[in-house]
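Some notes on the structure that comes next.
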Amino acid sequence: MTDPGMKCSRCKEPARHRFRQHNARFCDPCLEIFFLRQVEKAIEKYAMLTPGQRVLVAVSGGKDSLALWQALIKLGYQAEGLHLKLELGDFSGVSLDSSREMARRLGSPLHVFALSDLAGCTVEEAARANRRQFCSVCGTLKRYYLNRLALELGAPAVATGHHLDDETGRLLGNLIHGHAHHLERQWPVLAEGPGLARKVKPLCRLGADEIRAYAKAHDLPVAQGSCRHSKGATLPYYQEAMRLLEQKMPGTKLDFYLGFLRAKAGPPAADAPDGVCVVCGAPTHVEVCGACRLVRRAFERRQRLAEEAAAAAAAGDEAQA
Ligand SMILES: [Zn+2]
Ligand SMILES: [Zn+2]
174 MTDPGMKCSR
184 CKEPARHRFR
194 QHNARFCDPC
204 LEIFFLRQVE
214 KAIEKYAMLT
224 PGQRVLVAVS
234 GGKDSLALWQ
244 ALIKLGYQAE
254 GLHLKLELGD
264 FSGVSLDSSR
274 EMARRLGSPL
284 HVFALSDLAG
294 CTVEEAARAN
304 RRQFCSVCGT
314 LKRYYLNRLA
324 LELGAPAVAT
334 GHHLDDETGR
344 LLGNLIHGHA
354 HHLERQWPVL
364 AEGPGLARKV
374 KPLCRLGADE
384 IRAYAKAHDL
394 PVAQGSCRHS
404 KGATLPYYQE
414 AMRLLEQKMP
424 GTKLDFYLGF
434 LRAKAGPPAA
444 DAPDGVCVVC
454 GAPTHVEVCG
464 ACRLVRRAFE
474 RRQRLAEEAA
484 AAAAAGDEAQ
494 A
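In this note's numbering, the protein residues as written are 174 to 494.
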């Protein structure tokens, strides 16, 4: 990836990082300047945040969220972390440790919540009861609680570590399947509204390789490993297709994404559902919001299983008598 004797494009000192998409090579200090500038540019261009404002960073413990958190602090924002414990085995413990270590390094607050405490069921129970793809159930619940917690904590905005590879992968998938609604809503900022916190993606101009380089240069305490449920997700296929195009034609990802955003008249109108969920009061287009439906089915399944177990036990007792 890097050649010995390679020189930094900015300062001509020995370089450690090479980005073909920008035809640039950087030493660690110049990577820092480049990285922060890209985050700043995204924030300014799409009017994500106001200078120095308080923002809640969704911190998973992975390289993206840790790099985002650090960058926002360096750019002068009051960035606090929010970690949702998903309780999906060893990886979840490692993820929490990384998030805590990062909070310690930054001297910033980290709010920690367990999804099972909030929902009353685990992601696994919800996925099983709804017979839906694990990642999609996990994503719906995470988005829902992230929004709710941001409102409860009084944070005016939530920042997530979605980057250029996430956005271009999603964009490709949405175009291929003609998901008009998603294409309309795809934008690096989603405006706040009644019951809806503002959502921003300050890393949208940076690729996974640039974030990885930044995390390495700073030796960020990145959680190693991956979620054991991520196998069924489809996004990685679109990202792989984008990676191939990028490899053959450096700069394709950024062109694709920025070109898509430029072709739009402006940010999508704030989502304004016409009703509220009868269970939780969150804004929704239907009677019961998506998250409450997932959780309700998990409770129903739990009750059914308990009844079946009780019936089986009673039948066993009868047979013995
Ligand atoms: Zn340099
Ligand atoms: Zn609800």
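Even glycine gets a Cβ: it sits at the ideal position worked out from N, Cα and C.
As the structure is a computational prediction, the values presented were derived from the model and not from experiment.
For residue i and residue j, what's the separation of their Cα atoms in angstroms?
{"i": "residue 482", "j": "residue 492", "result": "15 Å"}
{"i": "residue 418", "j": "residue 424", "result": "9 Å"}
{"i": "residue 360", "j": "residue 486", "result": "54 Å"}
{"i": "residue 251", "j": "residue 280", "result": "11 Å"}
{"i": "residue 330", "j": "residue 178", "result": "44 Å"}
{"i": "residue 285", "j": "residue 421", "result": "42 Å"}
{"i": "residue 472", "j": "residue 380", "result": "40 Å"}
Should residue i be counted as a contact of ligand 1 given a C-beta to heavy atom distance under 6 Å?
{"i": "residue 474", "result": "no"}
{"i": "residue 205", "result": "no"}
{"i": "residue 183", "result": "yes"}
{"i": "residue 383", "result": "no"}
{"i": "residue 200", "result": "yes"}
{"i": "residue 413", "result": "no"}
Hey, would you say the C-beta of residue i is under 6 Å away from at least one heavy atom of ligand 2?
{"i": "residue 294", "result": "no"}
{"i": "residue 455", "result": "yes"}
{"i": "residue 452", "result": "yes"}
{"i": "residue 462", "result": "yes"}
{"i": "residue 377", "result": "no"}
Grab me the residues of residue i's own chain with a C-beta within less than 7 Å of its C-beta, minus the 5 sequence neighbours each way, in chain order.
{"i": "residue 216", "result": "222 and 375"}
{"i": "residue 193", "result": "423"}
{"i": "residue 247", "result": "209"}
{"i": "residue 303", "result": "310, 467 and 470"}
Who are the Cβ neighbours of residue i in its own chain at under 6 Å, not counting the five residues just before and after it?
{"i": "residue 276", "result": "254 and 283"}
{"i": "residue 402", "result": "307"}
Which residues in the same chain as residue i place their Cβ atom closer than 8 Å to its Cβ, once the five residues preceding and following it in sequence are excluded?
{"i": "residue 449", "result": "368, 455, 456 and 457"}
{"i": "residue 249", "result": "224 and 225"}
In chain order, what are the residue ranges of uninterrupted alpha helix (DSSP H) at least 4 long that sit wholly in the region 333 to 372? 337 to 349 and 353 to 358
Whole beta strand (DSSP E) runs in the region 213 to 283 with 3 or more residues, listed along the chain? 227 to 231 and 251 to 258
So, do the region 305 to 312 and the region 267 to 275 have three or more beta carbon pairs nearer to each other than 8 Å? no
So, do the region 318 to 338 and the region 224 to 242 have three or more beta carbon pairs nearer to each other than 8 Å? yes
Between the region 390 to 398 and the region 460 to 472, are three or more C-beta pairs nearer than 8 Å? no
Pairs of beta-carbons, one from the region 203 to 213 and one from the region 344 to 351, closer than 8 Å: are there three or more? no
Sequence ranges, alpha helix (DSSP H) only - wholly within the region 289 to 328, length at least 4: 296 to 303 and 307 to 325
Considering only residues of the region 425 to 471, which uninterrupted alpha helix (DSSP H) runs meet the minimum length of 4 residues and lie entirely inside it, listed in chain order? 425 to 435
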